[in-house]
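**Student:** Using this note's numbering, you'd call the opening residue of the sequence shown number 13 and step up by one each time.
The beta carbon of each residue, even a glycine, is placed where N, CA and C say it ideally should be.
Note that the coordinates shown come from a computational prediction; the quantities given were computed from them, not determined experimentally.
Provided herewith is a single structure, encoded as structure tokens, for subsequent inquiry.
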Amino acid sequence: MKKLYLYYLIFLLTTIICGCQEQPNTEIIINKMETEQNLYKDAEEYTPYLAQEKWNEIVSGKDVTYVFDAEICIPDVNAYPIYEVLPSFFEFDKLDNIIRSLVPNPRIKIEEVDLLTKDQIRMEMDLIIQSINLVDKNHPEFSEEEKNNYLSSRNEDLAYMQELYNNAPEEIETREIKSTSEMRSETSTRTNVRVYNEQDNPELICEMNMTKGDNRVATFSIFPYKAYDIKLHTFVPIGEMPIPRIEMSKEVAAETAQAFVEYVGINNNYSLNCVYEDMAFYDGLVAVFTPSYSGIESTYAVPAILPYQSQDLEFFRIWPAEVVLVYLDSNYNICRFEWKYPARIGKMINANAELMSFDSVKEQIKKSIKLMSPDMPYWDGIEHRQIVIERIELGIMRVKRSGTSDAYILLPVWDCFGYLIDHYRSQEESEYRLNENNDAIIDENDGVGTFLTISALDGSIIDRKFGY
């Protein structure tokens, strides 16, 4: 009886506490089935979408201020159609053309690129032995302790390489192929090839991730042994980024990447979306190319990462937007190429969907952004935060359909791009370098971080991390 009474008391206290908490504004929570119904609403006329060029407004909160100092970006079209979008195989003739553009008369061999032969390992072992024998000559500055630590580390490396040598093959089994279409595997999720030039020297490693059962996660990557100079049409040493990092010109990177996609023959399918610094790629810049549908560009956006915000998404599976990524080193030469998540258009659902007016969009954004980036204290040291929205863009996004597990559409959406200004009490309490006002200006996604994505049909919030 006492146990039952205790359970009842806990339930009562929980109910009281929850009831006293501030409740979210349900006015802006749009049922996803309403969005589904709005897919079929036709606009009355085929005319350009009307919106102001700039939006300047400040929405004050207790701990967070939302600053809209935004350029409004609208596609130059008269209609916003909605299509089904379906997974697609790569256009293998285009992949073949990319390889042949970089390496004339290539020999393409499927092989385990991570595997080393006995001869290759022996060369590595000889270098280690040489470093041991020349330690006094190469490192005269070493103390006796430093020298012993160095020799101990090198001998451990040598023992590890000896173990690899004992198990390594004399030769790597290879199979020469004529086309990248032969890289498709019935069983493996990854196939690697080396591409050799006419002198039988390796120039590229190509990697394809594509399975028979699910090609939504298909990717094709090219990793040159050297960087490719698009002006000279030849391979050159990869430019290493110095520390501290130098400032690179995004305009030069954009011109170089554009010249590259034209040279390899995919410029008719993709247009340059943006150039930005990827935190995972220190050595240069990344140029992003996206497909367009009926003149509307697929929006490239990364969910804005707030410092200390959880990024654990390993249990969620989404189908990201199709992109082509061109990586440029510090000398503006191409050092990597990726083509991800190819798709094809299915049937048209609506030839000209009815969009919300821009006045309604603004009201919805002001309400919705507080849900995605709430007005609340964050952590010790920060006295106030500003979320500055500098660009609001109307584009399209691949979105999962309501009530389905694996059906997607291309939906018109609004994205709010911007950055943070966090005001700290002092420099000692911040991991960022503060300005004279103790402010940290944080743009971890370099202009492609979106703080909010909403449907252009009804304003319902779309979480880009999950794709719906």
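Report the three-state DSSP secondary structure of Tyr431 (helix, strand or coil).
**Tutor:** Shown here, Tyr431 sits in a strand according to DSSP, grouped into three states.
**Student:** State the Cα-Cα distance for the pair Cys286 and Arg257, rounded to the nearest angstrom.
**Tutor:** 20 angstroms
**Student:** In terms of DSSP beta bridges, what is Gly461 paired with?
**Tutor:** Val314
**Student:** Which residue comes first and which comes last in the beta strand (DSSP E) that contains Thr203?
**Tutor:** 202-208
**Student:** Hey, how far is the Cα of Asn145 from the Cα of His151?
**Tutor:** 11 angstroms
**Student:** If we call anything under 8 angstroms between Cβ atoms a contact, is Phe478 one with Ile381?
**Tutor:** no
**Student:** Would the stretch 128-148 and the stretch 269-278 be scored as touching if the rule is three or more Cβ pairs under 8 angstroms?
**Tutor:** no
**Student:** Starting from Met409, trace the beta strand (DSSP E) in both directions and tell me its first and last residue.
**Tutor:** 394-412
**Student:** Check whether the stretch 294-314 and the stretch 403-412 are in contact - that is, three or more C-beta pairs closer than 8 angstroms.
**Tutor:** yes
**Student:** Starting from the Cα of Glu83, find the closest Cα among Trp67, Asp75, Leu446 and give me that residue.
**Tutor:** Trp67
**Student:** Contact criterion: CB-CB distance below 8 angstroms. Does Ile120 meet it with respect to chain B?
**Tutor:** Checking the listed chains, one finds no chain B in this structure; it contains a single protein chain.
**Student:** Determine the DSSP secondary structure at Tyr172, reduced to helix, strand or coil.
**Tutor:** Three-state result, Tyr172: helix.
**Student:** How close, in whole Å, do the beta carbons of Gln376 and Leu432 come, if the pair is a contact with beta carbons under 8 angstroms?
**Tutor:** Wrong, their Cβ atoms sit about 22 angstroms apart, outside the cutoff.
**Student:** Taking the alpha carbon of Ser191 as the reference point, which residue from Lys130, Leu51, Glu259, Phe102 has its own alpha carbon closest?
**Tutor:** Phe102
**Student:** My understanding is that Phe370 touches Ala63, with C-beta atoms under 8 angstroms, so please give their C-beta distance in whole angstroms.
**Tutor:** 4 angstroms
**Student:** I'd like to know whether the C-beta atoms of Glu456 and Phe429 end up nearer to each other than 8 angstroms.
**Tutor:** no
**Student:** Using 10 angstroms around the beta-carbon of Ser472, count the other beta-carbons present and answer buried if the total reaches 16, otherwise exposed.
**Tutor:** If you draw a 10 Å sphere on the C-beta of Ser472, you find 16 or more other C-beta atoms in it, and that means buried.
**Student:** Check the DSSP bridge columns for Pro424 and list the partner residues they point to.
**Tutor:** Ile408
**Student:** By DSSP, does Phe478 sit in helix, in strand, or in coil?
**Tutor:** coil
**Student:** Between the Cα of Lys2 and the Cα atoms of Trp426, Trp351, Ile361, Ile357, which residue gives the shortest distance?
**Tutor:** Since the first residue of the chain shown is 13 and the last is 480, residue 2 is not available in this structure.
**Student:** Select from Asp212, Tyr344, Tyr208 the residue whose C-alpha is nearest the C-alpha of Glu263.
**Tutor:** Tyr344
**Student:** For Arg476, count neighbouring C-beta atoms within 10 Å of its own C-beta (all shown protein chains included) and say buried if the count is 16 or more, exposed if not.
**Tutor:** buried
**Student:** According to DSSP, is Asp105 part of a helix, a strand, or is it coil?
**Tutor:** helix
**Student:** My guess is that Met173 and Met137 are in contact by the Cβ rule of under 8 angstroms, so how many angstroms apart are they, rounded?
**Tutor:** Confirmed, about 5 angstroms.
**Student:** Using three-state DSSP, classify Glu309 as helix, strand or coil.
**Tutor:** strand
**Student:** Spell out a yes or no on whether the stretch 358-372 and the stretch 93-111 are touching, meaning 3 or more CB-CB pairs, one atom from each, closer than 8 angstroms.
**Tutor:** With a cut-off of 8 angstroms, the stretch 93-111 and the stretch 358-372 count as touching, because enough Cβ pairs lie within range.
**Student:** Go through its chain and collect everything with a Cβ distance to Pro303's Cβ below 7 angstroms, but skip five positions before and after it.
**Tutor:** Asn281, Tyr282, Ser310, Glu334
**Student:** Name the DSSP bridge partner or partners of Cys286?
**Tutor:** Val300
**Student:** Would you tell me roughly how many angstroms separate the C-alpha atoms of Leu170 and Glu183, rounded to the nearest one?
**Tutor:** 21 angstroms
**Student:** On a CA-only basis, which of Glu252, Ser193, Tyr78, Ser100 is nearest Ser386? Give me that one, please.
**Tutor:** This sequence places Pro at residue 386; Ser is not what is there. Selected option, being the one with the closest Cα: Tyr78.
**Student:** Tell me which residues share the same chain as Ser193 and place their Cβ nearer than 6 angstroms to its Cβ, disregarding the 5 neighbours each side in the sequence.
**Tutor:** Phe104
**Student:** Let me know if Arg445 comes out buried or exposed under the rule of 16 or more other beta-carbons within 10 Å of its beta-carbon.
**Tutor:** exposed
**Student:** So which of His245, Arg356, Asp81 has the shortest CA-CA distance to Lys374?
**Tutor:** Asp81
**Student:** Can you tell me which of Asp470, Ala299, Ile454 puts its alpha carbon nearest to the alpha carbon of Ser372?
**Tutor:** Checking every option, the nearest Cα to that of Ser372 belongs to Asp470.
**Student:** Taking its Cβ as the centre, do 16 or more other Cβ atoms sit within 10 Å of Tyr58, making it buried, or is it exposed?
**Tutor:** exposed
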